[in-house]
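**Q**
Number of protein chains: 2
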Amino acid sequence: MTVRERLLAAAAELIAEKGWGAVSTRLLADRAGVGSGVVHYHFASTQAVLVEAAAGALRAALAGLPDLLAPATTPGEALDAVLTALIDADGQELFIETYLAATRNDDLRHAVAEVLAEFRHTIARWLAEHDVPTPEATAAVLAAALDGVMLHRALDPDLTRALVVPVLGRVLR
Amino acid sequence: MTVRERLLAAAAELIAEKGWGAVSTRLLADRAGVGSGVVHYHFASTQAVLVEAAAGALRAALAGLPDLLAPATTPGEALDAVLTALIDADGQELFIETYLAATRNDDLRHAVAEVLAEFRHTIARWLAEHDVPTPEATAAVLAAALDGVMLHRALDPDLTRALVVPVLGRVLR
DNA sequence: CACCGGTTTGGACGATCGTCCAGTACGATC
DNA sequence: GATCGTACTGGACGATCGTCCAAACCGGTG
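As you go down the protein sequences, you meet chains A and B in turn. Here the first sequence stands for residues 114 to 286, numbered as in our numbering. Here the second sequence stands for residues 114 to 286, numbered as in our numbering.
(1) Would you call the segment 234 to 251 of chain B and the segment 222 to 230 of chain A in contact, with 3 or more CB pairs under 8 Å?
(2) Give a yes or no on whether 8 Å exceeds the smallest Cβ distance from A:D203 to chain B.
(3) Which of the three DSSP states is assigned to B:R172 in this structure?
(4) Under a Cβ-count criterion, where at least 16 other Cβ atoms within 10 Å of its own Cβ denotes burial, should A:T197 be classed as buried or exposed?
(5) Just verifying my parser: in three-state terms, what is the DSSP assignment at B:F156?
(6) Below 8 Å between beta carbons: does that hold for A:G132 and B:R217?
(7) Check each candidate in B:I236, B:V277 and B:V164 and name the one with the smallest Cα separation from B:A122.
(8) Decide if B:A275 is buried, meaning its Cβ has at least 16 other Cβ atoms within 10 Å, or exposed.
(9) Is it the case that the Cβ atoms of B:L140 and B:L120 are separated by a distance below 8 Å?
(10) In the structure shown, what three-state DSSP assignment does B:H243 receive?
(11) Pick helix, strand or coil for A:S149, following the three-state DSSP scheme.
(12) Can you pull the chain B residues whose beta carbon is under 8 Å from the beta carbon of A:R286, in chain order?
(13) Could you pull out every residue in the same chain whose Cβ sits closer than 7 Å to the Cβ of A:G189, ignoring the five residues on either side in sequence?
(14) State yes or no: is the C-beta of B:R288 within less than 8 Å of the C-beta of A:L268?
(15) Hey, could you find the ends of the alpha helix (DSSP H) B:L127 is sitting in?
(16) Three-state secondary structure (DSSP) at A:A167?
(17) What residue does the alpha helix (DSSP H) around B:V195 start on, and which one ends it?
(18) Suppose contacts are defined by Cβ-Cβ distances below 8 Å. Is A:P184 in contact with A:T235 by that definition?
(19) In angstroms, rounded to a whole number, what distance separates the CA positions of B:G148 and B:Y154?
(20) Only counting the same chain, and skipping five residues up and downstream in sequence, which positions put a Cβ closer than 7 Å to that of A:E206?
(21) If the cut is a Cβ gap below 9 Å, which residues of chain A does B:A267 touch?
(22) Out of A:R172, A:V151, A:A124 and A:L182, state which residue places its alpha-carbon closest to the alpha-carbon of A:H243.
(23) Counting only C-beta atoms, is B:D260 closer than 8 Å to chain A at any point?
(24) Give the secondary structure of B:G177 by DSSP, where H, G and I count as helix, E and B as strand, and everything else as coil.
(25) Using a Cβ-Cβ distance under 8 Å, would B:G132 count as near chain A?
(26) Find the nearest neighbour of B:G134 within the set B:T159, B:D203 and B:R144, judged by alpha-carbon distance.
(27) Could you list the residues in the segment 142 to 158 of chain B with a C-beta less than 9 Å from some C-beta on chain A, going in chain order?
(28) Just how far apart, CA to CA, sit A:W239 and A:G177?
(29) Only counting the same chain, and skipping five residues up and downstream in sequence, which positions put a Cβ closer than 7 Å to that of A:V262?
(30) To the nearest whole angstrom, what separates the beta carbons of A:A174 and A:A202, a pair I think is in contact under 8 Å?
(31) Grab me the residues of A:V284's own chain with a C-beta within less than 8 Å of its C-beta, minus the 5 sequence neighbours each way, in chain order.
(32) Identify, in the order they occur along the chain, each residue of the same chain with its Cβ nearer than 8 Å to the Cβ of B:G204, setting aside the five sequence neighbours on each side.
(33) So, is the C-beta of A:L251 closer than 8 Å to a C-beta in chain B?
(34) Figure out for me which residue from B:V152, B:G150, B:A168 and B:L192 has the closest Cα to the Cα of B:I209.
(35) Let me check understanding here. Comparing Cα to Cα, which of B:A214, B:A237, B:T138 and B:L264 lies closest to A:Y212?
(36) On the CB-based measure, 16 or more other CB atoms within 10 Å of its CB, does A:A237 come out buried or exposed?
Rendered as structure tokens:
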């Protein structure tokens, strides 16, 4: 793992842990186990590290989706698979932080919009193949609902998969 | 409007505008049109202003909900009313910022948990009165889904009320 | 061995942070 | 008019911020 990669990994951890606005150059370097000056050797600015790390984490999460969705034959199975993956991901809060940061940074906004569009498209394709009505609109709302569940789960662990799937499953009928 | 209230109003604006971590003492005082020292005269710390402002905004939004929900007779009408109120509120991003900050501040966490529980309860009561199955679980998921829609709307204005209501309405049947 | 380009270090710089406090402004009370 | 308590101002303090840079390090080449 190169120093550059260690910095990106540290950034992803710290955004989720401390919040986007609380990740500083030195905190980043300390977590990566390097001197503080190396951040600006590999990146143009501290913000640039955060943006690249966040966009990378989003794309990585998206990459696993098709394989996850393929074996599901019923809406309940599909929902269950996606939710499990999202809950297991350590980056629950990272995603939310990234969405908020994207509203204030144009580079990040474009990256997030791209990933989000592909996420919706992947979901919509599965929905269309399984005869769910209005697949595009359903996918858009489902993506939002899933992120909302992630957000609320950070405050209320009782919002379990077993509770969410039956209710959200009604959307897919 | 007292200086104390002006500070709280400024805090609510700035959290939504700049993000929780980027609201500083002097930014707060400037927006409220007062000297920078007055913040620590009325409040114990800058964080305390943010917490009180955020909790107050959440409670204020919750206070209008019952009156909003009362005239609705169908799930579609109820959803439409709640979504309209949320979208019209200037504080879309304030709520999300507050949720994230609550994961890192115990005082705020308790305040948010309280408001969220009452929000769910209000929704659940309406659902039970209109014969929607599993009203408690449905209300919990609906609350999360609505916040998710608010979050995605900040990035994609195409996620309109007209698109969301029919899809999310399926949850209420 | 000397030398080199890429990598890393740790500290300097000015700006801004949260907090604190001596001093000012001002209506109420005597 | 003198005194007082509350509300407020603006600047001082040390800490930390992002950024930059001179110097050190280090494997590969002459």
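Where is the CB? At the ideal position from N, CA and C, for every residue including glycine. Owing to the predicted nature of the structure, the values given are computational and were not obtained by experimental measurement.
**A** So, from the data block:
(1) No, the segment 234 to 251 of chain B is not in contact with the segment 222 to 230 of chain A.
(2) Here residue 203 of chain A refers to the residue found at position 90 of the first sequence. Judged by the 8 Å Cβ criterion, A:D203 is not in contact with chain B.
(3) Residue numbering aside, residue 172 of chain B sits at position 59 when the second sequence is read from its first letter. Helix, per DSSP.
(4) Taking the first residue of the first sequence as position 1, residue 197 of chain A is located at position 84. Looking at its Cβ environment, which holds fewer than 16 other Cβ atoms inside 10 Å, A:T197 is exposed.
(5) Indexing the second sequence from 1 puts residue 156 of chain B at position 43. B:F156: coil per DSSP, three-state reduction.
(6) Start at 1 with the first residue of the first sequence, and residue 132 of chain A comes out as number 19. Start at 1 with the first residue of the second sequence, and residue 217 of chain B comes out as number 104. It is a contact, given that the beta carbons lie within the stated cut-off.
(7) Within the second sequence, residue 122 of chain B is the residue found at index 9, counting from 1. Checked all of B:I236, B:V277 and B:V164; the closest Cα to B:A122 is B:V164.
(8) Against the second sequence, residue 275 of chain B aligns to sequence position 162. Its Cβ having fewer than 16 others within 10 Å, B:A275 is exposed.
(9) For the purposes of this step, residue 140 of chain B is taken as the residue at position 27 of the second sequence. For the purposes of this step, residue 120 of chain B is taken as the residue at position 7 of the second sequence. In this structure, B:L120 does not lie closer than 8 Å to B:L140 by Cβ.
(10) Counting from one through the second sequence, the residue named residue 243 of chain B turns up at place 130. The three-state secondary structure of B:H243, taken from DSSP, is coil.
(11) On the first sequence, residue 149 of chain A is found 36 positions in, with the first residue counted as 1. Of the three classes helix, strand and coil, the one that applies to A:S149 here is helix, per DSSP.
(12) Counting from 1 along the first sequence, the entry for residue 286 of chain A is found at position 173. Neighbours of A:R286 on chain B, chain order: R283.
(13) Within the first sequence, residue 189 of chain A is the residue found at index 76, counting from 1. Cβ neighbours of A:G189 beyond the five flanking positions: V278 and G282.
(14) For residue 288 of chain B there is no data in the structure shown, the boundaries of chain B being 114 and 286.
(15) Along the second sequence, one-based indexing puts residue 127 of chain B at 14. Its alpha helix (DSSP H) spans residues V116 to K131.
(16) Mapped onto the first sequence, residue 167 of chain A falls at position 54. Reduced to three states, the DSSP call for A:A167 is helix.
(17) One-based indexing of the second sequence puts residue 195 of chain B at position 82. Its alpha helix (DSSP H) spans residues P188 to D201.
(18) Within the first sequence, residue 184 of chain A is the residue found at index 71, counting from 1. Within the first sequence, residue 235 of chain A is the residue found at index 122, counting from 1. No, Cβ-Cβ distance for A:P184 and A:T235 is not below 8 Å.
(19) Mapped onto the second sequence, residue 148 of chain B falls at position 35. Mapped onto the second sequence, residue 154 of chain B falls at position 41. Looking at the two C-alpha atoms, the distance is approximately 11 Å.
(20) Locating residue 206 of chain A in the first sequence gives position 93, where the first residue counts as 1. Correct list, in chain order: A129 and A267.
(21) Translated into the one-based positions of the second sequence, residue 267 of chain B becomes position 154. At a beta-carbon threshold of 9 Å, the residues of chain A lying near B:A267 are Y212, L213, A215 and T216, ordered along the chain.
(22) Walking along the first sequence from the start, residue 243 of chain A turns up at place 130. Selected option, being the one with the closest Cα: A:L182.
(23) Numbered from its first residue, the second sequence carries residue 260 of chain B at position 147. Cβ-Cβ to chain A under 8 Å: yes for B:D260.
(24) Along the second sequence, one-based indexing puts residue 177 of chain B at 64. Three-state result, B:G177: coil.
(25) Mapped onto the second sequence, residue 132 of chain B falls at position 19. So yes, B:G132 belongs to the interface.
(26) Counting from one through the second sequence, the residue named residue 134 of chain B turns up at place 21. Here the closest residue by C-alpha is B:T159.
(27) none
(28) One-based indexing of the first sequence puts residue 239 of chain A at position 126. One-based indexing of the first sequence puts residue 177 of chain A at position 64. When rounded, the distance between both Cα atoms is 14 Å.
(29) Here the question's residue 262 of chain A lines up with position 149 in the first sequence. So the qualifying residues of the chain are L272 and V277.
(30) On the first sequence, residue 174 of chain A is found 61 positions in, with the first residue counted as 1. On the first sequence, residue 202 of chain A is found 89 positions in, with the first residue counted as 1. That pair is a contact at about 6 Å.
(31) As a working note, residue 284 of chain A is residue 171 in the first sequence. If you ignore the 5 residues before and after A:V284, its C-beta comes within less than 8 Å of the C-beta of T251, V254, L255 and A258, all in its own chain and listed in chain order.
(32) Residue 204 of chain B sits at position 91 when you count from the first residue of the second sequence. If we look at B:G204 and ignore the five residues flanking it on each side, its Cβ neighbours are A125, A129, A170 and A174.
(33) Reading the first sequence from its first residue, position 138 is the one you call residue 251 of chain A. The question names Leu, yet the displayed sequence has Thr at residue 251 of chain A. Closer than 8 Å: yes.
(34) If you number the second sequence from 1, residue 209 of chain B lands on position 96. Of the listed residues, the one whose Cα sits closest to B:I209 is B:A168.
(35) Here the question's residue 212 of chain A lines up with position 99 in the first sequence. If we check each option's Cα against that of A:Y212, B:L264 comes out closest.
(36) Within the first sequence, residue 237 of chain A is the residue found at index 124, counting from 1. Answer is buried; the Cβ neighbour count reaches 16.
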